[in-house]
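Engineer: Going down the list, the sequences are from chains Z and A. The opening position of the first sequence corresponds to residue 0 in numbering that gives the first Met the number 0, with each subsequent residue numbered one higher. The opening position of the second sequence corresponds to residue 0 in numbering that gives the first Met the number 0, with each subsequent residue numbered one higher.
There are 2 protein chains.
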Amino acid sequence: MKNNIQLTVDAVVFGYDSGNISVLLVKRKFEPFKNAWALPGGFVLEDESLEEAVERELAEETGVKINYLEQLYTFGGIGRDPRGRVVSIAYFGLVKPNAFKLTASTDAKEANWFNIEKLPELAFDHKKILNIAIERLRGKITYEPIGFELLDKKFPFSDLEKLYTTLLNREIDRRNFKKKINSLKVLDELDEKVSVGPGRPASLFGFNKKRYFQLKKEGIIFEI
Amino acid sequence: MKNNIQLTVDAVVFGYDSGNISVLLVKRKFEPFKNAWALPGGFVLEDESLEEAVERELAEETGVKINYLEQLYTFGGIGRDPRGRVVSIAYFGLVKPNAFKLTASTDAKEANWFNIEKLPELAFDHKKILNIAIERLRGKITYEPIGFELLDKKFPFSDLEKLYTTLLNREIDRRNFKKKINSLKVLDELDEKVSVGPGRPASLFGFNKKRYFQLKKEGIIFEI
DNA sequence: ACAAAAGTGTTTTCTATACACCCATGG
DNA sequence: CCATGGGTGTATAGAAAACACTTTTGT
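1) Please give me, in chain order, every unbroken run of the alpha helix (DSSP H) with length at least 4 that falls completely inside the segment 8–73 of chain A.
2) From Glu50(Z) to Arg84(A), what does the alpha carbon distance come to, in whole angstroms?
3) Once you ignore the five residues that flank Thr249(A) on each side, which residues in its own chain have a CB closer than 8 Å to its CB?
4) Since Thr141(Z) and Glu222(Z) are thought to touch, with beta carbons under 8 Å apart, how far apart are those beta carbons, to the nearest angstrom?
5) Give me, in chain order, the residues of the same chain whose beta-carbon lies closer than 7 Å to that of Leu71(Z); leave out the 5 immediate sequence neighbours on both sides.
6) My understanding is that Val94(A) touches Asn114(A), with C-beta atoms under 8 Å, so please give their C-beta distance in whole angstroms.
7) Shorter than 9 Å from the beta carbon of Gln213(Z) to some beta carbon of chain A?
8) Measuring CA to CA, which of Asn34(A), Ile4(A) and Gly62(A) is closest to Val86(Z)?
9) Indicate whether at least one CB of chain Z lies closer than 9 Å to the CB of Val25(A).
10) Just to confirm, are Leu189(A) and Lys153(A) a CB contact at a threshold of 9 Å?
11) Looking at the C-beta of Leu167(A), does it have a partner C-beta in chain Z at a distance below 9 Å?
12) So Tyr72(Z) contacts chain A; which residues on that side make the cut at Cβ distance below 8 Å?
13) Using a C-beta to C-beta distance shorter than 8 Å, which residues of chain A count as neighbours of Gly138(Z)?
14) Does the beta carbon of Ile88(Z) come closer than 9 Å to any beta carbon on chain A?
15) Along the segment 37–53 of chain Z, what residues have a CB closer than 8 Å to any CB found in chain A?
16) Is the segment 54–61 of chain A in contact with the segment 193–205 of chain A, if contact means three or more CB pairs nearer than 8 Å?
17) Return the chain-ordered ranges of every alpha helix (DSSP H) run that is complete within the segment 137–216 of chain Z and spans a minimum of 4 residues.
18) Tell me whether the beta-carbon of Asp158(Z) lies closer than 9 Å to the beta-carbon of Leu167(Z).
19) Can you tell me where the beta strand (DSSP E) with Gly75(Z) in it begins and where it stops?
20) With a threshold of 9 Å between beta-carbons, can Asp106(Z) be considered close to chain A, or not?
21) Arg84(Z) versus chain A: which residues are under 7 Å apart at the beta carbon?
22) Determine the contact status of Leu6(Z) and Phe42(Z), defining contact as a CB-CB distance below 9 Å.
23) Step through the CB atoms of chain A and report whether any lies within less than 9 Å of the CB of Ile133(Z).
24) Below 8 Å on the Cβ atoms is my guess for Phe212(Z) versus Leu186(Z); work out the distance and round it to an integer in Å.
25) Taking DSSP as the reference, what is the three-state secondary structure of Asn111(A)?
26) Does the beta-carbon distance from Phe13(A) to Leu23(A) come in below 9 Å?
27) Please check if any C-beta of chain A sits within less than 9 Å of the C-beta of Tyr142(Z).
28) Chain Z partners of Ile77(A), CB-CB under 8 Å?
29) Rounded to whole angstroms, what is the Cα-Cα separation between Arg174(A) and Lys64(Z)?
30) Among the residues of its own chain, which have a CB less than 7 Å from the CB of Asn34(A), if the five just before and after it don't count?
31) Which one of Pro144(A), Asp9(A) and Phe156(A) has the shortest CA to CA distance from Lys192(A)?
32) Comparing C-alpha positions only, which one of Phe74(Z), Lys215(Z), Ala37(Z) and Thr73(Z) sits nearest to Ala110(Z)?
33) Quick check: what's the CA-CA separation for Ala107(Z) versus Ala122(A)?
34) How would you label Glu60(Z), buried or exposed, when you count the other beta carbons within 10 angstroms and need 16 or more for buried?
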């Protein structure tokens, strides 16, 4: 009954900042695919859960602190790793902009952020995994209020709007969008304004975690 | 880098017949959990894909011919198998009533169908897996026209209606339901009627695969 | 003063829901 | 002839979509 299948985890971690969706990649130090960019990840240890494995690998390889993590899909095709049979459980993660900016500024490291429109060649079948993750992100954001996971604790409403237009790649009517978000009651308007460059200063919003988790539990469909 | 993690697949296969949703279980012949009911499944071989493994195990253990198969979730908790670290990739399957009836009638076998409301104790964490699968089935049927996978090629409209009322556990207005299904244009009305017992004979419907796959590709949301 | 971004309501259209009676057959 | 299940349309309410101007700041 013993098989010789190796088990890995891979993480597709998205970050967002002012109109750019980026994904976290690491440069491979060893063969195969030495020097190619790849999703962070690695072998699962016998005494750790899958989630622990993902978090450990992310910490080791990138130092990025994840904000949201869910299982994406398991890839088990026969020829996907030249070293032999390797099955990989892919995870889908989101980080807040501060984590994002931090690592992004730590240039010249072996980990880096790439705009999802401008990706390098990827090792293994990681391109395929990434595409599935992007699809999931696009899909998920329309029926679950997951977008907040990518924004700062306090954010102007226009950030949220820009996130949706970027991700869905279409214009959104600001008034209708606001109406819909308001109807969910997940946003608390704060007594604080922020002003960046010309234009009227924007109120900052926070999101109401309690209400948010309640909606998630109800499996809310909110169809942007 | 070698780990000692074993990899299995498990299948949650649903069948439907006249108001009953059933799931396919097998009785375990060996320890651990000898004689307990469990999801069909087993170890993945090194030279087969995950889907091949599921289909092989299903054929070996139950003889049931699957009609629809998708990956459900991967379970990798540390203590889930007393034999050691075993990670299981669970699949979600649907069969047509004929396959369903066939095996159901082959009584006294080691494989059997159980109404999802009347389940026995299950081995391992299979109860948890099954619950997640049921959730997925309920959810999926409301936003993807997946229900047809559980019905015969030709079926009276009332079968479809009954499937939905059973699965969603609420009454559905027949006229509104018909309107909604019709608007998807996935049903072709056939020039054939069937009559079972008293009552007006029902027209038979087939479903339009072409249109159906097109909708699936579009990720249609149809919200029953 | 003007350019740039934020903020705000109303009308129209479409979709969802509620609702009840006639039809065709078997017994 | 009656019990059983199949088949059909309309009116109302609610949700989504279309649509443009005013406010506040920086330069």
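In this text, a Cβ means the ideal position worked out from N, Cα and C, and glycines have one as well.
Structural biologist: Well, looking at it:
1) 49–60
2) 15 Å
3) With chain A running from 0 to 223 in the structure shown, residue 249(A) is simply not present.
4) 6 Å
5) Val11, Ala89, Tyr90, Phe91, Ile131, Ala132 and Arg135
6) The Cβ separation is near 15 Å, so there is no contact.
7) no
8) Ile4(A)
9) no
10) yes
11) no
12) Gln70
13) Gly218
14) yes
15) Phe42, Val43, Leu44, Glu45, Asp46, Glu47, Ser48 and Leu49
16) no
17) 156–167, 173–183 and 208–216
18) no
19) Run containing Gly75(Z): none; DSSP gives neither H nor E here.
20) Legend: pLDDT at Asp106(Z) = 47, less than 50; position of this residue unreliable, value from coordinates given subsequently. No, its Cβ sits nowhere closer than 9 Å to a Cβ of chain A.
21) Glu45
22) yes
23) no
24) 15 Å between Cβ atoms; not a contact.
25) strand
26) yes
27) yes
28) Asp46, Glu47 and Ser48
29) 52 Å
30) Lys26 and Arg27
31) Phe156(A)
32) Ala37(Z)
33) The pLDDT assigned to Ala107(Z) is 45, lower than 50, so where the model puts this residue is not dependable, and the model offers no usable value.
34) buried
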